[in-house]
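Chemist:
Residue numbers (our numbering), protein chains in the order written: chain A, 1 to 524; chain B, 525 to 788.
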């Protein structure tokens with residue numbers, strides 16, 4: 001609550017709040033410019049004229065700036081890892097705490113441990129250390145980080161909010177809004193919460209125990225979770241809008257994309273296969289061909305390998321351009337998944353698939369061209385399609401606007417309907433869990449601003465920033481940690497987690513590779 | 525202290541080094557005033573040794589003469605080093621650098637504000653000065669208010685100048701205060717948005733002998749250069765940015781040594 005008191009002091013004494021908050025010279029400088037200019041004007045005073053109002057405006061500007069500054073506080077410039085993080089995590093701060101082994105705890109972010117396991121880690125691609133030797137293992141280091149839940153509870157408010165979909169996005173939003181004191185009810189279609197985490201992502205990447213723990217932590221904020229309730233079937237959308245002040249749609253994408261090729265009905269749907277594997281229903285598919293190059297395809301392949309299948313993945317571009325997580329892909333190849341790049345399916349028959357070779361430029365963009373006369377047939381027992389999904393948004397028809405694939409058109413979370421907000425995959429298209437968490441939190445902030453009738457830009461300006469207590473680390477020439485995995489033969493037999501957690505000393509050693517960019521490269 | 529800071533301090537002192545003014549009062553009007561400094565430094569400052577090129581330019585424009593001397597001067601300096609003088613010699617730029625060091629809430633300025641300084645150059649220092657035959661940029665210049673307006677009025681013994689204080693003086697102080705607040709928030713706000721001298725030199729940035737080059741193979745896009753840049757230029761994105769003041773901080777900070785300066 002230091003910034004609240006500082007703001008109060010600054011309202012009456014320009015620069016006082018800054019001195020109270022421990023920024024002595026900032027306070028002195030602001031006070032000097034404000035009171036100094038007033039004193040100077042008194043010395044040379046020659047009466048009021050037209051330009052006096054301009055002068056008054058300048059003083060008010062300094063005063064307002066001083067209040068805003070006391071409220072927001074000083075912040076280091078954002079390093080690349082923090083800038084790129086879709087979930088709004090401050091990686092360099094927790095790495096710093098870890099490296100110094102300090103008592104400081106990182107503030108809780110929804111699905112923090114989950115992201116430590118299955119995040120795509122764009123931060124590592126942008127790490128400054130990447131250009132020097134290898135990036136810091138930012139994602140993996142999350143294993144050693146202790147988080148703390150916010151201590152301060154906000155006053156309970158009367159506004160009721162419904163969240164549709166208990167996936168990463170919906171639960172993050174519910175967590176934030178419940179913490180802010182709103183009455184939140186989460187509706188989930190499936191029997192268990194978690195969305196993709198609960199029913200899709202296989203246990204060797206993300207164990208159920210982690211999810212249960214995450215949801216228990218989120219629930220401590222006190223929101224109501226109603227599973228097995230489908231909007232449009234069990235409750236109508238109209239009733240939901242009547243009962244609540246705002247409705248947040250975070251239903252995700254579940255309707256499989258159709259390629260529009262002959263014999264497509266012979267193929268299995270990727271999500272369906274994953275769901276049944278997750279439930280423990282054993283599959284007998286024989287030789288399997290998977291079409292697609294995302295994480296879904298790789299997950300299916302790895303799961304099926306564990307059940308003794310022979311698996312091939314067919315992808316239309318190069319292996320390097322697959323949208324799947326790099327480590328996931330590498331582990332899959334280690335486990336014996338064969339990847340056939342640069343092919344597209346032409347026709348699917350029972351026990352047979354016709355493929356055609358393609359040409360495409362490097363990188364994920366650019367047109368894929370089919371090579372004429374290069375058709376060939378492969379004998380397979382079953383084909384699984386994992387080429388992506390579109391959202392099922394039929395229950396919202398007539399209320400909001402959609403694009404041609406069924407994604408809700410939303411700007412800053414707001415849709416065409418004033419009471420309906422949308423976030424996560426249903427707006428973004430298939431994205432990652434990190435995107436879902438970040439988008440959920442941001443949309444929750446928008447909902448809060450909407451309910452309190454605050455314009456967007458003021459809400460953004462008033463948003464407090466996390467101020468890490470960090471020290472600069474010395475540059476150390478240490479090689480990147482080799483993330484320990486279970487032996488290939490061992491892990492191919494079961495569905496237990498593949499990644500192992502290193503000892504604390506090793507984590508500290510890896511954390512000390514961080515360059516603490518904001519202090520070293522981004523000084524003021 | 526870095527080499528740049530030392531040069532900035534020395535340049536600020538040398539350009540404003542007419543010590544007798546402190547004891548005697550008045551403005552230096554000797555031989556050196558015939559020459560321009562290559563940056564914005566008000567010639568109305570009691571300590572100033574050289575004249576301000578922008579003031580001289582408006583003076584000639586007001587007299588409806590073609591300013592050959594000033595044009596040649598700007599051209600020579602611009603072709604040699606581009607905007608380097610802004611980074612190393614400008615006292616007002618140095619003042620803004622120090623203001624940004626205050627640990628407070630910071631903001632970023634959208635790129636299109638950078639083009640507003642051409643409006644100031646052509647509009648205020650060009651057309652308005654030509655039509656009214658008065659140096660109108662000098663009348664709103666915050667540098668003039670800081671180093672000439674305030675000390676002259678404070679040190680005024682006879683009371684002649686104090687009698688002149690009116691709405692115009694109030695406006696100048698108001699502009700100075702606003703510029704100060706924005707400079708605390710935004711890196712070198714005045715240099716990037718309003719400075720007409722910088723606007724002239726920025727045209728030469730593309731052609732100058734001294735220039736920065738970025739090795740794209742080495743660059744890892746960590747944006748350290750933009751973070752440390754006093755003008756918030758992403759030199760890895762556009763090498764001939766109009767706002768690059770060749771302070772060479774990015775050359776020093778680059779973790780992979782991808783940025784180098786060369787004289788061609």
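Beta carbons: idealized from backbone N, C-alpha and C, even for Gly. Just so you know, these numbers come straight off a predicted model, no measurement behind them.
Would you list the one or two residues that DSSP bridges to residue 345 of chain A?
Modeler: Looking at the DSSP assignment, residue 345 of chain A forms a beta bridge with A:355.
Chemist: Using a Cβ cut-off of 8 Å (strictly closer), state whether residue 702 of chain B contacts chain D.
Modeler: The structure shown contains no chain D; the protein chains it does contain are A and B.
Chemist: Can you give the beta carbon distance from residue 388 of chain A to residue 430 of chain A, rounded, assuming they're within the 8 Å contact cut?
Modeler: Contact holds; Cβ gap of about 6 Å.
Chemist: Tell me which residues share the same chain as residue 713 of chain B and place their Cβ nearer than 8 Å to its Cβ, disregarding the 5 neighbours each side in the sequence.
Modeler: Excluding residues within five positions, the ones whose Cβ falls inside 8 Å are 620, 633, 703, 706 and 707.
Chemist: Using a Cβ cut-off of 8 Å (strictly closer), state whether residue 690 of chain B contacts chain A.
Modeler: Yes, residue 690 of chain B lies at the interface with chain A (some Cβ there is under 8 Å from its Cβ).
Chemist: Would you list the residues sitting across from residue 784 of chain B in a DSSP beta bridge?
Modeler: Beta-bridge pairing links residue 784 of chain B to B:737.
Chemist: Nearest chain B C-beta to residue 72 of chain A closer than 8 Å, yes or no?
Modeler: It does; some Cβ of chain B falls within 8 Å.
Chemist: Using Cβ-Cβ distances below 7 Å, what residues of the region 627-645 of chain B are close to chain A?
Modeler: Listed by position along the chain: 627, 628 and 629.
Chemist: Residue 527 of chain A by DSSP, collapsed to three states: which one?
Modeler: Only positions 1 to 524 of chain A appear in this structure, which leaves residue 527 of chain A out of reach.
Chemist: Checking contacts by CB at 8 Å: is residue 695 of chain B closer than that to chain A?
Modeler: Yes - at least one Cβ of chain A is within 8 Å of the one on residue 695 of chain B.
Chemist: Which parts of the region 579-632 of chain B are runs of the alpha helix (DSSP H), unbroken and 4 residues or longer, counting only runs that do not cross its ends?
Modeler: You should have 592-605, 608-612 and 615-624.
Chemist: According to DSSP, is residue 203 of chain A part of a helix, a strand, or is it coil?
Modeler: The answer is coil: DSSP assigns residue 203 of chain A none of H, G, I, E or B.
Chemist: Quick one: list the residues of chain B neighbouring residue 522 of chain A, beta-carbon separation under 8 Å, in chain order.
Modeler: Ordered by position in chain B, the residues that pass the 8 Å Cβ test against residue 522 of chain A are 748, 751 and 752.
Chemist: Do the CB positions of residue 746 of chain B and residue 759 of chain B come within less than 8 Å of each other?
Modeler: No, the pair does not count as a contact, with Cβ atoms beyond the cut-off.
Chemist: Run through chain B and tell me which residues come within less than 7 Å of residue 80 of chain A, C-beta to C-beta.
Modeler: Residues of chain B passing the Cβ test: 746 and 747.
Chemist: Using a 10 Å radius around the Cβ and a threshold of 16 neighbouring Cβ atoms, would you call residue 154 of chain A buried or exposed?
Modeler: Looking at its Cβ environment, which holds fewer than 16 other Cβ atoms inside 10 Å, residue 154 of chain A is exposed.
Chemist: Candidates B:783, B:616, B:662 and B:722: which alpha carbon is nearest residue 639 of chain B's?
Modeler: Measuring from the Cα of residue 639 of chain B, the nearest candidate turns out to be B:722.
Chemist: In three-state terms, what does DSSP make of residue 418 of chain A?
Modeler: If DSSP states are grouped into helix, strand and coil, residue 418 of chain A belongs with coil.
Chemist: Where does residue 389 of chain A fall in DSSP's three states?
Modeler: Correct three-state label for residue 389 of chain A: strand.
Chemist: What is the rounded straight-line gap between the Cα of residue 623 of chain B and the Cα of residue 34 of chain A?
Modeler: About 14 Å.
Chemist: Taking DSSP as the reference, what is the three-state secondary structure of residue 402 of chain A?
Modeler: Residue 402 of chain A falls in the strand class under three-state DSSP.
Chemist: Just how far apart, CA to CA, sit residue 755 of chain B and residue 242 of chain A?
Modeler: Roughly 52 Å between the two C-alpha positions.
Chemist: I'd like the span of the alpha helix (DSSP H) that includes residue 507 of chain A, first residue to last.
Modeler: Here the alpha helix (DSSP H) through residue 507 of chain A covers 504-511.
Chemist: With a cut-off of 8 Å, does the C-beta of residue 562 of chain B fall near any C-beta of chain A?
Modeler: Answer no: the Cβ-Cβ gap between residue 562 of chain B and chain A never drops below 8 Å.
Chemist: Would residue 354 of chain A count as contacting chain B if we go by Cβ distances under 8 Å?
Modeler: No, its Cβ sits nowhere closer than 8 Å to a Cβ of chain B.
Chemist: With distance defined between alpha-carbon atoms, name the residue in A:220, A:49, A:184 and A:203 nearest to residue 150 of chain A.
Modeler: Answer by Cα proximity: A:220.
Chemist: Measuring alpha carbon to alpha carbon, tell me which of A:400, A:133, A:215 and A:99 ends up nearest residue 238 of chain A.
Modeler: Of the candidates A:400, A:133, A:215 and A:99, the one whose C-alpha sits nearest the C-alpha of residue 238 of chain A is A:400.
Chemist: What number of angstroms, rounded off, separates the C-alpha of residue 87 of chain A from the C-alpha of residue 120 of chain A?
Modeler: Roughly 11 Å between the two C-alpha positions.
Chemist: Against residue 49 of chain A, what residues of chain B qualify as contacts under a CB-to-CB distance less than 8 Å, listed in chain order?
Modeler: In chain order: 690, 691 and 694.
Chemist: By Cβ distance below 8 Å, which residues in the same chain neighbour residue 870 of chain B in space, the five residues on each side in sequence not counted?
Modeler: Residue 870 of chain B is absent from the structure shown; chain B starts at 525 and stops at 788.
Chemist: If you check the beta carbons only, do residue 95 of chain A and residue 360 of chain A fall under 8 Å apart?
Modeler: No, the Cβ-Cβ distance between residue 95 of chain A and residue 360 of chain A is not below 8 Å.
Chemist: Taking residue 346 of chain A as the reference, which of A:214, A:260 and A:52 has the closest Cα?
Modeler: For residue 346 of chain A, the nearest C-alpha among the options comes from A:260.
Chemist: From the DSSP output, in three-state form, read off residue 560 of chain B for me.
Modeler: Residue state, collapsed to three classes: strand.
Chemist: Looking at chain B, which residues of the region 210-230 of chain A have a Cβ within less than 8 Å of any of its Cβ atoms?
Modeler: Listed in sequence order: no entries.
Chemist: Would the region 780-788 of chain B and the region 729-746 of chain B be scored as touching if the rule is three or more Cβ pairs under 8 Å?
Modeler: With the cut-off at 8 Å, the region 780-788 of chain B and the region 729-746 of chain B touch.
Chemist: Quick one: Cα of residue 127 of chain A to Cα of residue 484 of chain A, how far?
Modeler: Distance between the alpha carbons of residue 127 of chain A and residue 484 of chain A: 21 Å.
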